[in-house]
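To get the numbering used here, take the position in the sequence shown, counting from 1, and add 45. Where a beta carbon is used, it is the ideal one built from N, C-alpha and C, also for glycine.
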Amino acid sequence: MSLPAPKSPRAPRHIRSIQAQAFEREDGLWDIDTRITDTKPRIVELASGSRAPNEAIHDLWLRITVDTQLNIVDADAVSDAVPYPGYCNTIGPAYKRLIGLNLMKGFRQALRERLAGTEGCTHLTELAGILPTATIQAFAGDVLPTRDGAEDDETAQPPFQLDRCHALRRDGPAVEKYYPRWIIQPVKPS
């Protein structure tokens with residue numbers, strides 16, 4: 046299913062692309078490489094000079110290395126294209142401040158505390174915001190169990206993804222259909 050057709054003719058003015066890739070390392074850690082790019086299909090006049098049509102205004106990379114408990118053990122940021130060369134592209138080392146954070150325990154708040162405003166790059170910090178969900182998707186089925194397990198195992202835990210989104214709420218029809226062992230019947234008002 047795609048979006049409905051536009052209600053009015055329109056012209057492209059800006060393209061932002063965000064990409065995330067996950068890599069399992071031989072040492073048992075995982076690298077999550079993310080990238081954000083901004084381009085415009087026309088000549089752009091910036092204070093630092095012109096950018097040709099479709100030339101990157103921003104081309105920024107952020108890599109975190111995590112263990113299987115979602116702790117960040119290393120971080121690197123690189124700016125290949127920036128609007129203010131010699132200024133924007135000096136902030137990369139600040140992203141080492143991510144080391145020690147856990148992606149599932151207050152990560153986004155700690156990210157803002159450490160790298161919001163002039164402490165970081167707006168675009169790199171925004172990019173860092175996708176790290177928890179990108180990493181969970183990478184871990185699904187490899188590090189985090191997503192299947193039900195043995196039906197007769199009374200000590201089994203519910204699959205990780207249950208109760209983490211609207212569709213997989215434990216009192217909902219998707220869980221009843223795909224994970225019936227873990228369905229919770231809603232409490233009926235008396």
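Bounding residues of the alpha helix (DSSP H) (the contiguous stretch that carries Gln182)
For this step, residue 182 is matched to residue 137 along the sequence shown. In the DSSP assignment, Gln182 falls within the unbroken alpha helix (DSSP H) covering Leu176 to Phe184.
Check whether the segment 106-126 touches the segment 142-154, taking contact to mean three or more Cβ pairs, one atom from each stretch, closer than 8 Å.
yes
Do you know how far the Cα of Thr167 is from the Cα of Ala67?
Residue mapping note: residue 67 aligns to position 22 of the sequence shown, counting from 1. Residue mapping note: residue 167 aligns to position 122 of the sequence shown, counting from 1. Straight-line spacing of the CA atoms in Ala67 and Thr167 works out to 23 Å.
Leu169 to Asp208 span [Cα, whole Å]:
Taking the sequence shown and counting its residues from 1, the one referred to as residue 169 is at position 124. Taking the sequence shown and counting its residues from 1, the one referred to as residue 208 is at position 163. Inter-residue distance for Leu169 and Asp208 is about 29 Å (C-alpha atoms, whole angstroms).
For Leu107, the residue or residues it bridges with in DSSP:
As a working note, residue 107 is residue 62 in the sequence shown. According to DSSP, Leu107 bridges with Thr79 and Ala122.
Specify, as a first and last residue, the run of the alpha helix (DSSP H) that Arg159 falls within.
Here residue 159 is taken as the residue at index 114 of the sequence shown, counted from 1. Unbroken alpha helix (DSSP H) run through Arg159: Phe152 to Leu160.
In the DSSP assignment, the beta strand (DSSP E) including Asp127 goes from what residue to what residue?
By 1-based counting over the sequence shown, the position of residue 127 is 82. Looking at the sequence provided, one finds Val at residue 127 rather than Asp. Counting along the chain, Val127 falls outside any beta strand (DSSP E), and DSSP gives it neither H nor E.
Using 8 Å for Cβ pairs, my map puts Ile77 next to Arg108. What's the rounded Cβ distance?
Here residue 77 refers to the residue found at position 32 of the sequence shown. Here residue 108 refers to the residue found at position 63 of the sequence shown. Indeed they touch by this definition, with Cβ atoms about 7 Å apart.
Taking C-beta to C-beta, are Leu74 and Val111 nearer than 9 Å?
By one-based count along the sequence shown, residue 74 stands at place 29. By one-based count along the sequence shown, residue 111 stands at place 66. Less than 9 Å separates the beta-carbon of Leu74 from that of Val111.
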